[in-house]
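Chemist: Residue numbers (the numbering used here), protein chains in the order written: chain A, 1 to 357; chain D, 1001 to 1360.
Built from N, CA and C at the ideal position, the CB exists for glycine as well.
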Amino acid sequence: MKRRTLLASAAALSLAAGSAFAQDKVKAGFIYVGPVGDGGWTYEHDQGRKAVEAELGDAVETVYQESVPEGADAERAITQMALSGADIIFTTSFGYMDPTMNVAAKFPDVKFEHATGFKRADNVSVYSARFYEGRAIQGHIAGKMTKTNKVGYIASFPIPEVIRGINSAYLHAKKVNPDVEFSIVWAYTWFDPAKEADAARALIDNGADVILQHTDSTAPQAAAQEAGNVITFGQASDMAEFGPVPRVSSIIDNWAPYYIDRVKAVMDGTWESTDTWDGISTGMVGIGEISSAVPADVKAEALALKDAIAAGEYHPFTGPINKQDGTPWLAEGETASDGDLLGMNFYIEGLTGDVPN
Amino acid sequence: MIHLEKRPQPSQVWTVITPVLAVILTMIVGGMMFAALGKPPLEAIRTIFWDPLFHPQFAGYSRPQLLVKAGPLILIAIGLSVGFRAGIWNIGAEGQYIMGAICGAGASLALYPSDSILLFPMMVIAGALGGWAWSMIPAILKTKFGTNEILVSLMLVYVAESILASVSSGLLRNPDGMGFPGSRNFQQWDAAANKELIANTGMHWGVVFALIAVIAAYVLFARHIRGFQIRLSGEAPRAARFAGVNPNRIVIFCLGTAGALAGLAGLFEVTGPAGQISIDFNSGYGFTAIIVAFLGRLHPVGILLAGLLMALTYIGGELAQLMLGVPGASIQLFQGMLLFFLLATDVFTNYRIRFGQGAA
């Protein structure tokens, strides 16, 4: 039975390859976890898709499918996209990892790019951004600006990327304000405006006057605006419409240069399986305009921090850092390895509560 | 003046016509919606209803996928219909589905990496028991304390979702997964995988069980005394009591059946198409199955057809997004219309329209 499946998929493949050669245009497909209008994560990926169209014009055709659930439906969505003759497919959420690997095995001539995962193959690249670099700057501003010394953090899922963000923000808030405390709410969703707003309100009711979010909607911004005297940071997208307060800055995902590069590589036939993890230095992570609500000296420090990270002079995780239980993680002057960061599943010393387990 | 007059008996003709009428009305109004979005309406309707079955490029893949998508919907909806016929409203199939998946998957993961041929049957039993046990909570609360099964079963969905989040990032997490949530992938573990039984047909054990459930439910209602008691409890509870039907037994039986079938659906989904226990592997099948049960008029054969139709709108909807670039939300609207028109036209089963001056 195994062999028959293999033969059948080979047949499907030759069919797909045939249709790909029939057209001169390179077809790039995108699988989104949220709606393109989420104003955050998916919105920025879609901006990247539009940039590919704008840059490469008639030489490229793009297709996308939005709000694809992570699970059995994802595998079908990706397969159908491959069958429709896509030459390169970007699957833009962590939960698409195994489905992407499965489909990629059936379509060896189609290139796949999986965002934020860790499994690769000859035709599967992975890419992600060092969002924790942006979190360091957020943490710095948050630590300086909080008056109640309480920072609320709306986290999505307990995966290393999110935990890394929490640790980085806390580390840099603590550095400038030893009294700061973080309250973390796990929303178990990437995009659910009602849930995110509830989480923000609960945190504000508990005295938080800074709200950080690792979820994709603008609902926490709106909740903070309503409450007043609370500051927030745009997530994934600039969310400038909520400035100058509550939104005082933002982390912007800028996928456009990467997407253009990769689609071009398919056109030129130079595409190779790679592992990309870029940050502020290449512009994959952008820091949104720091608004007038931030005092000039804090703004200057934040920008200096950004420049130091961009230049590679400063690593946000530089020792001495202990784990939450007090065991040493990084010695004085030591910086975290990418391997440690990619698998991070622990809080650093000073954070309260447990990583959901 | 137009007014509605109650029919003495629900109309047999309308019972059959309304689902068809609802589909046609959905096509017309849905087509208007697509036109308003600037997409060619006929092409959109064709992409949703025709292309998954007959498109030269996609049909070879999407036809089997219809079974994959319809299987769990039918299996759960059959279980729900048994209760709905008796007037027992189990809204929590989603929770029973999740718990079935967790119990079945958990039972096998405890034995990893066993390759016994008894492993999969054991998982199937554990899955059914998990769903059954979860449905026994509202059942026992209802029979002992008279609580409302709608509220209890629905709220238990949220409890089950929290348990799912907890086990997928804790107890059942893949030890080789670098700290990411989600269990081992069952597709890569032959003894525990729910594989396609015949290659490229989409036929897996879940679909087989769904078909068995359809036949069993048909026999139950057409031939078996328990089926008669269930219908009687739903249509005339007092008469049922006088006929010696124990209402508590009916509650336990109906909720238990629904829970066990939903649990089975969850187990087959997690070991097959979904592959792993993850925080959101449950794609809302337990809720969609409620629509399927009603679309199928709570009749086993109707549910079979309704499940396939619902699967068609899902897969066709995905194709329409891909081929025509229609927004994802418009597909959900389209599916919502289907239920809306079904309920709207349903009025004619129990009422008829009278023109002119009414007696009232």
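Count the other C-beta atoms from every protein chain shown that fall within 10 angstroms of the C-beta of residue 229 (chain A), then say buried if there are 16 or more, exposed otherwise.
Modeler: Answer is exposed; the Cβ neighbour count stays below 16.
Chemist: Have a look at residue 2 (chain A) and residue 56 (chain A) and give me their C-alpha separation to the nearest angstrom.
Modeler: Per-residue confidence for residue 2 (chain A) stands at a pLDDT of 44, beneath the threshold of 50, marking its modelled position as unreliable; no derived number is given.
Chemist: Given this structure, state the Cα-to-Cα distance separating residue 1266 (chain D) from residue 77 (chain A), to the nearest angstrom.
Modeler: Distance between the alpha carbons of residue 1266 (chain D) and residue 77 (chain A) is about 21 Å.
Chemist: Taking only three categories from DSSP, how would you classify residue 1352 (chain D)?
Modeler: Three-state DSSP puts residue 1352 (chain D) in a strand.
Chemist: Helix, strand or coil: how does DSSP classify residue 64 (chain A) here?
Modeler: The answer is strand: DSSP assigns residue 64 (chain A) an E or B state.
Chemist: Would you say the region 1078-1087 of chain D touches the region 1244-1257 of chain D, given that touching needs at least three Cβ pairs under 8 Å?
Modeler: As far as the Cβ criterion goes, the region 1078-1087 of chain D touches the region 1244-1257 of chain D, which means the pair count is three or higher.
Chemist: Shorter than 9 Å from the beta carbon of residue 96 (chain A) to some beta carbon of chain D?
Modeler: For residue 96 (chain A), the answer is no, since every Cβ of chain D falls outside 9 Å of its Cβ.
Chemist: Tell me which residue opens and which closes the alpha helix (DSSP H) that residue 57 (chain A) is part of.
Modeler: Where residue 57 (chain A) is concerned, there is no enclosing alpha helix (DSSP H), given that its DSSP letter is neither H nor E.
Chemist: Go ahead and label residue 1078 (chain D) buried or exposed: buried means 16 or more other beta carbons lie within 10 angstroms of its beta carbon, across all protein chains shown.
Modeler: Per the 10 Å Cβ criterion, buried.
Chemist: Within 10 Å of its beta-carbon, does residue 299 (chain A) have 16 or more other beta-carbons around it, so buried, or fewer, so exposed?
Modeler: The residue is buried, with at least 16 neighbouring Cβ atoms inside 10 Å.
Chemist: Please determine, among A:176, A:275, A:260, the residue with the shortest C-alpha to C-alpha distance to residue 122 (chain A).
Modeler: Considering only alpha carbons, the answer is A:275.
Chemist: Going along chain A, which residues have a C-beta under 9 Å from residue 1318 (chain D)?
Modeler: Correct list: 65, 68, 73, 76, 77, 80.
Chemist: At the level of alpha carbons, what is the spacing between residue 350 (chain A) and residue 173 (chain A)?
Modeler: Cα to Cα, the separation comes out at about 11 Å.
Chemist: Given a cut-off of 9 Å, decide if residue 302 (chain A) and residue 214 (chain A) are closer than it, judged by their beta-carbon atoms.
Modeler: No.
Chemist: Do you know offhand how far residue 1346 (chain D)'s Cα is from residue 1018 (chain D)'s?
Modeler: Distance between the alpha carbons of residue 1346 (chain D) and residue 1018 (chain D): 6 Å.
Chemist: So, at 6 Å on beta carbons, what are the nonlocal neighbours of residue 61 (chain A) in its own chain, with the 5 sequence-adjacent residues on each side left out?
Modeler: Cβ neighbours of residue 61 (chain A) beyond the five flanking positions: 25, 27.
Chemist: Looking only at its own chain, which residues have a Cβ that is under 6 Å from the Cβ of residue 143 (chain A), when we skip the five neighbours before and after it?
Modeler: Cβ within range, chain order: 173, 176, 177, 180.
Chemist: When the Cα atoms are used, what is the spatial distance from residue 1001 (chain D) to residue 1355 (chain D)?
Modeler: Cα-Cα distance, rounded: 6 Å.
Chemist: Where do the ends of the alpha helix (DSSP H) carrying residue 247 (chain A) lie?
Modeler: Per DSSP, residue 247 (chain A) belongs to no alpha helix (DSSP H); it is in the beta strand (DSSP E), 247-253.
Chemist: In the DSSP output, what is residue 328 (chain A) paired with across the bridge?
Modeler: Its beta-bridge partners are A:322.
Chemist: From which residue to which residue does the beta strand (DSSP E) around residue 186 (chain A) run?
Modeler: Residue 186 (chain A) -> beta strand (DSSP E) spans 181-186.
Chemist: Grab me the residues of residue 1197 (chain D)'s own chain with a C-beta within less than 8 Å of its C-beta, minus the 5 sequence neighbours each way, in chain order.
Modeler: These residues qualify, in order along the chain: 1203, 1204, 1205, 1208.
Chemist: Considering only residues of the same chain and omitting the five flanking positions on each side of residue 22 (chain A), which have a CB-CB separation below 6 Å?
Modeler: Reliability of the predicted coordinates at residue 22 (chain A) is poor, the pLDDT of 44 falling under 50, and no value is obtained from them.
Chemist: With three or more C-beta pairs closer than 8 Å as the rule, is the region 1273-1285 of chain D touching the region 1160-1171 of chain D?
Modeler: Output reads yes: the region 1273-1285 of chain D touches the region 1160-1171 of chain D.
Chemist: Could you give the DSSP three-state label for residue 1163 (chain D): helix, strand or coil?
Modeler: Note: residue 1163 (chain D) maps to helix in three-state DSSP.
Chemist: Which of the three DSSP states is assigned to residue 45 (chain A) in this structure?
Modeler: Residue state, collapsed to three classes: helix.
Chemist: Establish whether the CB of residue 1397 (chain D) and some CB of chain A are separated by less than 9 Å.
Modeler: In the structure displayed, chain D extends from 1001 to 1360; residue 1397 (chain D) sits before or after that span and is not available.
Chemist: Nearest CA to the CA of residue 1319 (chain D): which residue from A:44, A:43, A:79?
Modeler: Of the listed residues, the one whose Cα sits closest to residue 1319 (chain D) is A:79.
Chemist: Is the beta carbon of residue 1298 (chain D) less than 9 Å from the beta carbon of residue 63 (chain A)?
Modeler: Result no, Cβ atoms of residue 1298 (chain D) and residue 63 (chain A) do not sit closer than 9 Å.
Chemist: Between residue 1343 (chain D) and the rest of its own chain, which residues show a CB-CB distance below 6 Å, the 5 nearest in sequence each way excluded?
Modeler: Answer for residue 1343 (chain D): no residue qualifies.
Chemist: Within 9 Å of any Cβ in chain D, is that where the Cβ of residue 99 (chain A) sits?
Modeler: Yes, contact with chain D.
Chemist: By the criterion of Cβ-Cβ separation under 7 Å, what are the contact partners of residue 188 (chain A) in chain D?
Modeler: Per Cβ cutoff of 7 Å: 1165, 1279.
Chemist: Can you name the residues that DSSP bridges to residue 30 (chain A)?
Modeler: In DSSP, residue 30 (chain A) forms a bridge with A:64, A:90.
Chemist: Compare the Cα-Cα distances from residue 348 (chain A) to each of A:334, A:98, A:325, A:268 and report the closest residue.
Modeler: Comparing Cα-Cα distances from residue 348 (chain A) to each of A:334, A:98, A:325, A:268, the minimum goes to A:325.
Chemist: Report the residues of the region 320-332 of chain A with a CB closer than 7 Å to any CB of chain D, ordered along the chain.
Modeler: Correct list: empty, as no residue qualifies.
Chemist: Would residue 1161 (chain D) count as contacting chain A if we go by Cβ distances under 9 Å?
Modeler: Closer than 9 Å: yes.
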